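Residue numbers (our numbering): 1 to 264.
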């Protein structure tokens with residue numbers, strides 16, 4: 001049984017927990033979040049506006065959450081290094097907080113957990129490897145790769161297709177357009193665009209501060225730079241643009257490719 005810890009129990013963290021519950025060899029034993037209300041943590045996990053209610057509900061007993069596989073210890077810490085993950089016997093720690101300082105502090109956990117997986121695509125200096133399953137997961141070196149990035153949603157969707165086309169036809173250049181649902185740091189009403197990963201920072205992209213529920217917002221996308229980390233042979237061959245759209249889920253991408261080999 002692999003014991004999982006989740007740091008940052010928001011949208012991604014809660015979905016990861018649901019996925020772990022589907023596998024007999026994965027057991028979530030620890031959750032850390034800045035939400036101080038453990039009953040609310042369980043409530044948000046049990047009833048999801050996007051993915052629906054949990055089949056197996058989480059129950060709070062004596063300030064501990066009871067899941068379908070046993071007790072889940074809950075801590076309320078803003079910094080990932082302040083949690084005693086080793087005492088909780090966590091094997092793999094998943095950082096889905098999105099907070100840059102947590103990523104920077106994850107190295108201090110070597111020797112306390114076996115591996116840390118971060119659910120975004122940070123600068124390569126912070127991680128040992130960026131991995132998308134079906135593309136480059138076989139490159140993982142268990143003995144050396146302590147801090148692993150699982151990349152971002154756009155790159156997870158695009159890189160398998162890009163790999164296939166590049167292997168078959170050799171991509172010379174391309175352009176990618178993505179339609180991306182709103183994210184938690186966006187505004188319901190017009191206002192400044194505040195960073196989630198770096199609390200207190202205000203983005204200079206004024207359009208991103210517009211109401212997310214009634215606006216199509218053009219913006220720079222990190223989908224391509226994230227893809228380059230997975231498929232370095234494509235570096236500098238793409239341009240890309242993204243539109244934040246007023247939906248809570250489901251993305252779309254359109255790629256135009258120029259290739260060396262004849263397709264027909």
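Every residue, glycine too, gets a C-beta built ideally from N, C-alpha and C. Bear in mind that the values here come from a model prediction, so they are computed numbers and not experimental data.
For residue 171, the closest of 235, 133 and 93 by C-alpha to C-alpha distance is 235.
Using a Cβ-Cβ distance cut-off of 8 Å, the segment 49-63 and the segment 102-122 are not in contact, since fewer than three pairs of beta carbons, one from each stretch, lie closer than that value. Under DSSP, residue 175 forms a beta bridge with 239 and 256. Under the 8 Å Cβ criterion, the segment 28-35 counts as touching the segment 68-76, having at least three qualifying pairs.
For residue 67, same chain residues with a beta-carbon under 6 Å away, outside a window of 5 residues either side, are 58 in chain order. By the neighbour-count criterion, in which a residue is buried when 16 or more other Cβ atoms sit within 10 angstroms of its Cβ, residue 158 is buried. Residues of the same chain with a CB within less than 8 Å of the CB of residue 195, apart from the 5 flanking positions on each side, are 185, 201, 202 and 203 in chain order.
About 15 Å separates the CB atoms of residue 256 and residue 221; that is not less than 8 Å, and the two are not in contact. Counting other Cβ atoms within 10 Å of its Cβ, residue 133 stays below 16 and is therefore classed as exposed.
By the neighbour-count criterion, in which a residue is buried when 16 or more other Cβ atoms sit within 10 angstroms of its Cβ, residue 191 is exposed.
Annotation note: the segment 59-142 contains the following uninterrupted beta strand (DSSP E) runs of length 3 or greater, listed N- to C-terminal: 59-61, 64-67, 70-75, 92-95 and 115-118.
Exposed is the label assigned to residue 78, since fewer than 16 other Cβ atoms lie within 10 Å of its Cβ. Here residue 121 has 130, 149, 151, 152, 155, 222, 226 and 229 as same chain residues with Cβ atoms under 7 Å from its own Cβ, once five neighbours each way along the sequence are excluded. One thing to note: residue 65 has its Cβ no nearer than 9 Å to the Cβ of residue 105. Secondary structure at residue 151: coil, using DSSP grouped into helix, strand and coil.
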